[in-house]
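Residue numbers (the working numbering), protein chains in the order written: chain A, 36 to 228; chain B, 36 to 228. Positions of the beta carbon are idealized from the N, C-alpha and C atoms, including for glycine.
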DNA sequence: GACATATTAGAATATATATTCTAGTATATA
DNA sequence: TATATACTAGAATATATATTCTAATATGTC
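Structure (structure tokens):
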């Protein structure tokens, strides 16, 4: 019932993603998003309550994309694969990579989120959390704050740090990145592996 | 010649630093800066051409503060000390730490910088660059892109990554941070040290 | 003490964007 | 074919902040 839609959420999010990767947060104005896909601004607001929510959905989509295979590697107890997932994912998804690694969530979307979006965020956070915790238990035999810290560092923080520098200047990720991540992985897990 | 100043640059920068660390970039409005130190907004503009320039000067001051002892450690060819400088400096300068590690320069100050500020930035960048390069030469016997990459990773990227997570949530830096930085250092430099 | 001027004061203005609002359009359903 | 309504359209509005502007004020110099 009612007229057929010419533009849907996906298109607006794709447009916003492009603008965000190319111009940064300030470039993602509602007019720019509309223009990017040739829609009137009214149609953007027909889909998203606010810019804040549009960016929130974009953010969650990016996080979900990143986490998907990262968690799969963890489930296989393949820590090294999980650590190397970051550069690989970034190579395959350059725009998403920029969003995840160059901006902070609260820089993109600051207001209160609607319940469904908040729920989605909680779900993703919990998935990541339990994924890492069960990996730690597998890996070390038991959970401890220290082991958790080391794992988060090796599987997430270091890979992100290794990649970020290149994304900032828009350079292609060299292979050294993977090499460094690998070295760090073995160093920090030396007692275990 | 003229009346005595009641407010100087330093005070405004200090005020902006506090706001930035507490509220993020959006909290650093010109009115807020003025209010922070009880000055009229006209006096802020009397000292700084624009918000952009105020933030540029703040940024350079923070970078300079960070680099000072970092470079000293490098000059002593003390790579480990240089790597550990990040968590130590952040503990000693929490507000500056947040600014340097949580925000990107172009997020704070986007416009064209006046010549003197640009010159200052170039000077700092060159100092860091030559400091690292001469350290690499000392350390490895010769300069190479690969050795430079490894060094930047170990001395800067990894320490920053280890610290960032805690700054984001306003937590005190635990000792694990130093431990992890140390482990990574030895791992990546294993052929050398 | 008078003058020149660096500085304080803060109200007024400019500008950029998010958001709202009203009108028109196309399609599913009856 | 009539009707309800999801959607398109984009002009008008609201709002937040940076910036400008004009008028005082105090202090060093003559």
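- Within the same chain, and ignoring the five residues on either side of residue 76 (chain A) in sequence, the residues whose Cβ sits closer than 7 angstroms to its Cβ are 65, 66, 69.
- Closest in alpha carbon position to residue 95 (chain B), among B:123, B:114, B:45, is B:45.
- Close partners of residue 175 (chain A) in chain B (Cβ separation under 9 angstroms) are lacking, with about 14 angstroms as the shortest Cβ gap.
- By the CB criterion at 8 angstroms, residue 210 (chain B) and residue 223 (chain A) fall outside the cutoff.
- Taking the Cβ atoms as the reference, residue 157 (chain B) lies roughly 17 angstroms from residue 97 (chain B), outside the contact range of under 8 angstroms.
- For residue 164 (chain A), not one C-beta of chain B is nearer than 8 angstroms to its own C-beta.
- Residue 184 (chain A) has a beta carbon lying within less than 8 angstroms of a beta carbon in chain B.
- In this structure, the alpha-carbon of residue 206 (chain B) lies about 52 angstroms from that of residue 38 (chain A).
- Per DSSP, residue 174 (chain A) is one residue of the alpha helix (DSSP H) stretching across 150 to 175.
- In this structure, residue 60 (chain A) places its C-beta atom within 8 angstroms of the C-beta atom of residue 143 (chain A).
- The C-beta of residue 188 (chain B) comes closer than 8 angstroms to at least one C-beta of chain A.
- The straight-line gap separating the alpha-carbon atoms of residue 110 (chain B) and residue 200 (chain B) is approximately 29 angstroms.
- At a cut-off of 8 angstroms, the C-beta of residue 204 (chain A) has no neighbouring C-beta in chain B.
- Note on residue 102 (chain A): 16 or more other CB atoms within 10 angstroms of its CB, so buried under the neighbour-count rule.
- Scanning its chain for C-beta atoms nearer than 6 angstroms, with the 5 sequence neighbours on each side dropped, one finds around residue 100 (chain B) the residues 131, in chain order.
- For residue 128 (chain A), no alpha helix (DSSP H) run applies, since DSSP gives it neither H nor E.
- Nearest CB-CB separation between residue 219 (chain B) and chain A: below the 8 angstroms threshold.
- Within the same chain, Cβ atoms closer than 8 angstroms to the Cβ of residue 198 (chain B) are found at 121, 122, 125, 132, 136, 208, 212, the five residues on either side in sequence being excluded.
- One thing to note: residue 74 (chain B) has its Cβ no nearer than 8 angstroms to the Cβ of residue 148 (chain B).
- Under the three-state reduction of DSSP, residue 74 (chain B) is assigned to coil, being neither helix nor strand.
- Chain B has no Cβ within less than 8 angstroms of the Cβ of residue 87 (chain A).
- DSSP, read as helix, strand or coil, puts residue 64 (chain A) in coil.
- Put simply, the backbone Cα of residue 171 (chain A) is about 18 angstroms away from that of residue 214 (chain B).
- If you compare the alpha carbons of A:202, A:78, A:192 with that of residue 220 (chain A), the shortest gap goes to A:192.
- Between the alpha carbons of residue 88 (chain A) and residue 166 (chain B) lies a distance of about 45 angstroms.
- Taking the Cα of residue 203 (chain A) as reference, the smallest distance to any Cα among A:55, A:51, A:42 is reached at A:55.
- When Cβ-Cβ separations below 8 angstroms define contact, residue 211 (chain A) makes contact with chain B.
- By the rule that beta-carbons nearer than 8 angstroms mark a contact, residue 223 (chain B) touches chain A.
- Of all alpha-carbon atoms in B:151, B:153, B:190, B:128, the one lying nearest the alpha-carbon of residue 174 (chain B) is that of B:190.
- The alpha carbon of residue 119 (chain B) has as its nearest neighbour, out of B:154, B:51, B:155, B:188, the alpha carbon of B:188.
- One finds 188, 192 in chain B with Cβ atoms closer than 7 angstroms to the Cβ of residue 197 (chain A), taken in chain order.
- Taking 8 angstroms as the CB threshold, residue 215 (chain B) lines the interface with chain A.
- Only residues of its own chain outside the window of five on either side were considered, and among them 89 have a CB closer than 6 angstroms to the CB of residue 83 (chain B), listed in chain order.
- If the five residues before and after residue 63 (chain A) are omitted, its C-beta is found closer than 6 angstroms to the C-beta atoms of 51, 54, 55, all from its own chain and listed in chain order.
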